[in-house]
Amino acid sequence: MDITIRQEFPADYRTTEALVKRTFGEESYSDPTEDTLVHNLRESDAFIPELSLVALDSGEHIIGHILLSRVSIEDGRAAVESLAIAPVSVAPERQNQGIGTQLMHAALHRAAEVGHSSVIVLGHPGYYAKFGFRQAEHWNIRAPFDVPEEAFMALELTEHALDEVQGVVQYSQPFLE
Ligand SMILES: CC(C)(COP(=O)(O)OP(=O)(O)OC[C@H]1O[C@@H](n2cnc3c(N)ncnc32)[C@H](O)[C@@H]1OP(=O)(O)O)[C@@H](O)C(=O)NCCC(=O)NCCS
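Just so we're aligned, residue 35 is where the sequence shown starts under this note's numbering, counting upward by one.
The structure is reproduced here in C-alpha cells:
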C-alpha cells in the first residue's frame, strides 16, 4: 500500500480536523468531539508537534492521523510524564487496510526517538495488545475515571520504564473539558 507517514504541520490542521470529524462521525459519543479534542490539544501544553502524525495517500491526501500528547502518572509523592494516544483516525473508506497499524508503529517509534519512555491508551484490548500494550493495572496504573480494567493499557517504550511508576493518570485539560 502506497502511503507516507509524516509529522503534521500547521497547514494540515484544517484538513486533519475534517478527517477526524468524518472518521468519528455519528459514532462519536465523546464530548468534546474528537476533532475539537485535536484542536484543543494542539493549543495546550500537552501538545508535542513531533507526535502528531498524518498518513498520506499517493495523491498526498490526508487519510489518517494519530496524536500522542502529554499526561502524567501521579501517586501523591511523584509525577511521572507519559503520553496518551488519542485519537487515532483512519478515513472510513481506507479502514482495515493496515493504515492504523502503520500510524501506531510510526508514532510509537517516533515517541521513543524523541525521548519518551511510556504510553497509555484507553481502547480495545485486542487491537492494542498487538503493539505490546498490557493492562495498566499490571503496574498499578489507573484511570482517573471508571473504565473496564482491560481497556486501560500501557506500554513501555524503554525497558523497565514503568517498574517504579504507579498511580493515577492525569489527563491534560482538553480531555476534561
Ligand atoms: C481504529 C482505526 C484507527 C484502525 O485503523 P485501521 O487502518 O482501520 O486498522 P488496521 O487496518 O491497521 O487494522 C485493522 C484491525 O483493526 C481492527 N479494528 C478496526 N477498528 C477497530 C475498533 N474501533 N476497535 C477495535 N479494533 C478495530 C480490525 O478488526 C482489524 O483487526 P485484525 O487485524 O485483527 O483483523 C480505524 O478503524 C478508525 O479510524 N476507526 C474509527 C475511529 C476509532 O474508533 N478510533 C480509535 C479510537 S481513538
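By construction, the Cβ of each residue, glycine as well, lies at the ideal position given by its N, Cα and C atoms. A quick note: this is a predicted structure, and the numbers were derived from the prediction, not measured.
Residue pairing by DSSP places arginine 48 in no beta bridge whatsoever.
When DSSP states are grouped into helix, strand and coil, isoleucine 133 belongs to the helix group. Here the alpha carbon of serine 106 sits roughly 21 Å from the alpha carbon of methionine 138.
Rounded to the nearest angstrom, the Cβ distance from histidine 150 to leucine 191 is 6 Å, consistent with a contact under 8 Å. Counting the other Cβ atoms within 10 Å of the Cβ of histidine 172 gives fewer than 16, which makes it exposed. For leucine 210, the uninterrupted alpha helix (DSSP H) segment begins and ends at 207-210.
Using a Cβ-Cβ distance cut-off of 8 Å, the stretch 83-100 and the stretch 177-196 are not in contact, since fewer than three pairs of beta carbons, one from each stretch, lie closer than that value. Going by DSSP, glycine 160 is part of no beta strand (DSSP E) but of the alpha helix (DSSP H) stretching over 159-163. Relative to ligand 1, even the nearest heavy atom lies 7 Å or more away from the CB of serine 86. Taking one beta carbon from each stretch, the stretch 110-118 and the stretch 65-79 have fewer than 3 pairs nearer than 8 Å; the two do not touch. With respect to the 8 Å criterion, serine 103 and threonine 57 are not classified as neighbours on the basis of their beta carbons. Glutamate 211 counts as exposed, since fewer than 16 other C-beta atoms from the protein chains shown sit within 10 angstroms of its C-beta. Around the C-beta of alanine 80, 16 or more other C-beta atoms lie within 10 Å, and the residue is accordingly described as buried. About 5 Å separates the beta carbon of serine 86 from that of leucine 101, a gap short enough to meet the 8 Å contact definition. The three-state secondary structure of arginine 168, taken from DSSP, is strand. DSSP places histidine 73 in the uninterrupted alpha helix (DSSP H) bounded by 68-76. For arginine 40, the beta-bridge partners assigned by DSSP are Val88.
In the three-state scheme derived from DSSP, where H, G and I count as helix and E and B as strand, leucine 191 is classed as coil.
Taking non-hydrogen atoms of ligand 1 into account, the C-beta of phenylalanine 165 is found less than 7 Å away from none of them.
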